[in-house]
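Everything in the sequence shown is counted per this note's numbering, starting at 126 for the first residue and increasing by one. Note sheet for the following structure.
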Amino acid sequence: MASPADRKQEQREAFRADDPAGGPLTTDQGVEVDHTDDSLAAGERGPTLMEDFHFREKLTRFDHERIPERVVHARGAGAYGYFEPYESCAEFTRAAFLQDPAVRTPVFVRFSTVQGPKGSADTVRDVRGFATKFYTSEGNYDLVGNNFPVFFIQDGVKFPDFVHAVKPEPHNDIPTGASAHDTLWDFVSLQPETLHAIMWLMSDRAIPRSYRMMQGFGVHTFRFVNADGKGTFVKFHWKPRLGVHSLVWDEAQECQGRDPDFNRRDLWDAIEAGEYPEWELGVQLVPEEDEFAFDFDLLDPTKIIPEEQVPVRPIGRMVLDRNPENFFAETEQVAFHTANVVPGIDFTNDPLLQARNFSYLDTQLIRLGGPNFSQLPVNRPVAPVRNNQRDGYHQSAIHSGTNYFPNSLGGGCPAHAGAGGSAYTHYAERVDGHKIRRRSPSFQDHYSQPAMFWNSMADWEKQHIVEAFRFELGKVGAMTVRARTVEHLAKVDGELAVQVARGVGVPEPAAAEAASKSASPALSLESLRGDGSIRTRQIAVLVTDGVDAEQITSVRERLAAEGAVVEALAATDGTITGSDGETYTVDRALPTVASVLYDAVLLPGGPVGTPPTAADPDAVRFVRDAYRHGKPVGALGSGVGVLSALEPEGLRLSTEFQRVVADQGVVTDTSPGPASEEFLNAFVDVIAAHRHWGRGPVRR
Ligand code: HDD
């Protein structure tokens with residue numbers, strides 16, 4: 126098998142359609158074109174001539190540039206990287222890529238939103254797709270997951286209904302990228318199996334800070350099969366090294382305007398900067414004998430196995446270290462398929478998974494215009510492909526020899542691999558039953574796990590969930606739909622239902638007990654802080670002429686050493702003059718950015734008594750927004766004055782020199798001069814914590 130480096134080079138070459146050495150413009154036939162600024166005309170002011178084959182070819186090619194966008198997950202961002210196992214998983218699976226820690230398997234990952242079209246904004250409230258193609262030595266393996274561990278429906282036959290309901294409404298194609306509309310909630314209120322995924326959708330998981338800071342889940346229970354043919358149920362988990370972090374709804378909405386590409390820009394920039402995102406792959410393993418040991422059905426994709434019940438065992442790590450060369454060729458044309466499995470990984474009878482195993486191949490046939498999409502560089506396996514499948518649109522292989530089996534004229538090739546060797550062998554599960562169109566009774570409990578999710582949330586997470594329900598249902602015109610949804614919530618948790626009912630103007634349901642008292646602490650964002658580092662966090666330093674240069678330098682050096690990205694923002698681009706008389710470069714002008722694009726803000730001081738940025742309304746708004754969104758705020762010297770001018774309710778600020786005060790994620794020190802070690806440590810700590818809840822209001 127080619128090394129990852131060779132593979133990278135090979136892929137690069139494959140994409141590089143242009144002559145790498147450069148050269149003059151040509152037609153698609155390689156005929157040189159003198160220039161492409163004027164079409165061929167009969168006289169200087171005469172009509173364009175049909176004879177102009179370059180003009181016709183150029184326009185025709187342009188007219189055909191678009192392919193249908195994905196019916197769901199249309200908007201995405203992708204990257205290449207590699208996967209390496211920590212140790213051999215031979216006890217559970219014979220999959221070659223899970224055997225040897227010394228073997229790196231190349232991967233391509235595509236992250237996506239679900240509802241919105243290709244040009245929609247990134248920070249909408251939605252599920253995020255997390256699809257990984259492993260180019261293994263035994264063929265391609267696709268783990269096509271999401272950042273939620275559960276799905277909205279239990280049987281794929283309902284997928285078109287669910288997608289029609291969540292997509293923009295059919296009469297006016299509104300809303301774009303959003304779930305807050307009548308048809309989705311009508312469906313939800315009539316289909317309680319959606320409730321568990323809906324709880325996730327209303328949580329902060331649905332507005333990730335970064336693709337690099339979200340979990341991924343295979344969702345279904347799959348099956349590992351070892352070399353002896355023994356099966357083990359398995360659920361897949363991706364855990365980000367940087368921890369799981371989210372936006373708050375208000376900023377997510379503002380981000381849609383400030384930077385609709387917020388998440389994909391973040392992924393791209395991090396990889397370009399050499400800050401390669403990393404996830405650990407973990408598995409929950411359930412012996413076959415324990416298939417019925419749970420109070421839910423393992424085949425039901427609306428259920429999780431609580432991590433406290435079956436711990437997640439880390440088996441390897443994935444690093445994304447290369448951006449695509451061409452968005453269309455790679456990210457758009459990549460074709461995932463749940464049925465792309467390798468020996469050692471098999472399916473279960475989860476009815477949603479079975480449906481997916483049909484749908485993905487089917488959709489690529491129309492989306493990519495024919496059956497030969499596996500030949501596209503991004504889809505091409507590194508394992509050799511030999512079969513008698515032939516022809517079709519866009520065939521780019523030149524096959525020779527016979528095209529049938531058995532044959533003698535072709536030497537019997539390609540020969541059968543034969544059972545038992547390296548060939549894929551379907552797990553010999555015993556199946557028998559009557560043909561029925563009916564949901565299993567073991568799939569009927571729709572309330573216990575949504576209740577468990579709710580019970581597992583910290584108070585601030587619960588608060589955000591209530592606010593999300595109020596927002597979403599508040600956008601629903603049909604009061605009957607609002608009321609019906611609240612009735613279902615009452616079966617999840619009485620307090621949740623009452624809180625939502627109060628916000629959306631429907632009768633409060635009678636107080637009810639939670640459907641389940643159980644909790645899974647692993648579900649709370651509080652337990653998903655990752656490595657606790659501040660790597661790649663974006664820190665804004667608000668500067669102006671006269672700013673205390675020593676302060677900026679001391680903070681910049683420390684934060685950069687911790688891997689954070691520090692940017693100096695001023696009223697205008699160019700340079701500012703520091704208190705030391707030196708000029709400093711401004712990274713961005715305040716009117717071109719906003720607080721929602723940063724993770725934290727620092728207000729350095731100026732000459733004693735002058736809060737240097739207080740006079741700039743953009744700067745004041747920046748700080749106010751950062752504060753309202755729970756972001757870390759640091760202020761030094763007279764910079765503290767900007768904060769105190771906002772009169773933050775109940776917040777303690779430093780009032781005397783040499784005194785660092787850290788309160789609710791706000792770290793202040795009124796001392797002039799370089800930041801003290803104590804200040805820097807406290808500021809790094811509050812940035813690592815990401816957000817700080819429970820702050821009182823500030824003056825608007
Ligand atoms: Fe799906 C795309 C994930 C249920 C049918 N799905 C798609 C993508 C992801 C998922 C990440 C985007 C892949 C990419 O980046 O190209 N889908 C899921 C998960 C599901 C799920 C985690 C539930 C556990 N999907 C699901 C069902 C069906 C589909 C039940 C149909 C029966 N999904 C599709 C599709 C898409 C797709 C229509 C659209 C574009 C594509 O496949 O390539 O076939």
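C-beta atoms are modelled at their ideal positions from N, C-alpha and C, and glycine is treated no differently. None of these values were measured; they are calculated from a predicted model.
{"Item": "Measure the CB-CB distance between Val459 and Phe233 and report whether it falls below 8 Å.", "Value": "yes"}
{"Item": "Grab the span of the alpha helix (DSSP H) containing Thr185 for me, first residue to last.", "Value": "Phe178 to Asp188"}
{"Item": "Report yes if the CB atom of Asp391 is closer than 8 Å to the CB atom of Arg337, and no otherwise.", "Value": "yes"}
{"Item": "Could you tell me the alpha carbon to alpha carbon distance between His817 and Leu648, rounded to whole angstroms?", "Value": "19 Å"}
{"Item": "Within the continuous beta strand (DSSP E) that includes His362, where are the two ends?", "Value": "Gly356 to Pro365"}
{"Item": "Does the beta-carbon distance from Arg219 to Asn388 come in below 8 Å?", "Value": "no"}
{"Item": "Quick one: what does DSSP say Asp425 is sitting in, helix, strand or coil?", "Value": "coil"}
{"Item": "Going by alpha carbons, who is nearest to Tyr723 out of Val444, Val373 and Phe483?", "Value": "Val373"}
{"Item": "Quick check: what's the CA-CA separation for Val809 versus Asp584?", "Value": "25 Å"}
{"Item": "Within 10 angstroms of its Cβ, does Lys756 collect 16 or more other Cβ (buried), or is it exposed?", "Value": "buried"}
{"Item": "Determine the direct distance from the alpha carbon of Gly798 to that of Phe236, and round the result to whole angstroms.", "Value": "44 Å"}
{"Item": "When burial is assigned at 16 or more other CB atoms within 10 Å of the CB, is Phe530 buried or exposed?", "Value": "exposed"}
{"Item": "Quick check on this structure: which residue in Val767, Gly762, Gly441 and Asp159 has the alpha carbon closest to the alpha carbon of Glu403?", "Value": "Gly441"}
{"Item": "Going by the beta-carbon positions, is the gap between Val711 and Ile701 smaller than 8 Å?", "Value": "yes"}
{"Item": "Measuring alpha carbon to alpha carbon, tell me which of Asp329, Leu406, Ile396 and Val408 ends up nearest Glu376.", "Value": "Asp329"}
{"Item": "Whether or not the segment 168 to 179 and the segment 405 to 415 are in contact is what I'm after, with contact meaning three or more pairs of Cβ atoms, one per stretch, closer than 8 Å; do they touch?", "Value": "no"}
{"Item": "Check the C-beta distance from Phe255 over to Gly241 and give it rounded, since I have them as a contact under 8 Å.", "Value": "Rounded, the Cβ-Cβ distance is 17 Å, inconsistent with contact."}
{"Item": "Cβ of Phe347 within 7 Å of any heavy atom in the ligand HDD?", "Value": "no"}
{"Item": "From what residue to what residue does the beta strand (DSSP E) around Glu403 run?", "Value": "Glu403 to Pro412"}
{"Item": "So, helix, strand or coil for Phe342, using DSSP?", "Value": "strand"}
{"Item": "So, helix, strand or coil for Arg219, using DSSP?", "Value": "coil"}
{"Item": "Between the Cα of Ala626 and the Cα atoms of Arg383, Pro509, Val606 and Glu586, which residue gives the shortest distance?", "Value": "Val606"}
{"Item": "Would you call the segment 441 to 458 in contact with the segment 293 to 307, where contact means no fewer than 3 C-beta pairs closer than 8 Å?", "Value": "no"}
{"Item": "Could you pull the start and end residues of the beta strand (DSSP E) that Ala378 belongs to?", "Value": "Sequence inspection shows Gln at residue 378; the Ala mentioned does not correspond to that position. Premise fails: Gln378 lies in the alpha helix (DSSP H), Trp374 to Arg383, not in any beta strand (DSSP E)."}
{"Item": "Just to confirm, is the Cβ distance from Asp471 to Tyr552 under 8 Å?", "Value": "yes"}
{"Item": "What's the gap between the Cα of Val158 and the Cα of His179?", "Value": "8 Å"}
{"Item": "Regarding Arg334 and the ligand HDD, is the C-beta to nearest heavy atom distance less than 7 Å?", "Value": "no"}
{"Item": "If you measure from the CB of Leu477, is any heavy atom of the ligand HDD nearer than 7 Å?", "Value": "yes"}
{"Item": "Tell me whether Arg235 counts as near the ligand HDD, meaning its Cβ is closer than 7 Å to at least one heavy atom of that ligand.", "Value": "yes"}
{"Item": "Count the other CB atoms, across all protein chains shown, that sit within 10 Å of the CB of Lys642; report buried if there are 16 or more and exposed otherwise.", "Value": "exposed"}
{"Item": "With distances taken between CB atoms, is the gap from Pro632 to Ala608 smaller than 8 Å?", "Value": "yes"}
{"Item": "What number of angstroms, rounded off, separates the C-alpha of Thr230 from the C-alpha of Pro468?", "Value": "15 Å"}
{"Item": "Counting C-beta neighbours from all protein chains within 10 Å, is the total for Thr708 16 or more, i.e. buried, or is it exposed?", "Value": "exposed"}
{"Item": "If you draw a straight line from the alpha carbon of Leu478 to that of Ile812, how long is it in whole angstroms?", "Value": "40 Å"}
{"Item": "By DSSP, does Ala616 sit in helix, in strand, or in coil?", "Value": "Reading the sequence as shown, one finds Lys at residue 616 and not Ala. Residue state, collapsed to three classes: helix."}
{"Item": "Below 7 Å, is the gap between the Cβ of Pro502 and the nearest heavy atom of the ligand HDD?", "Value": "no"}
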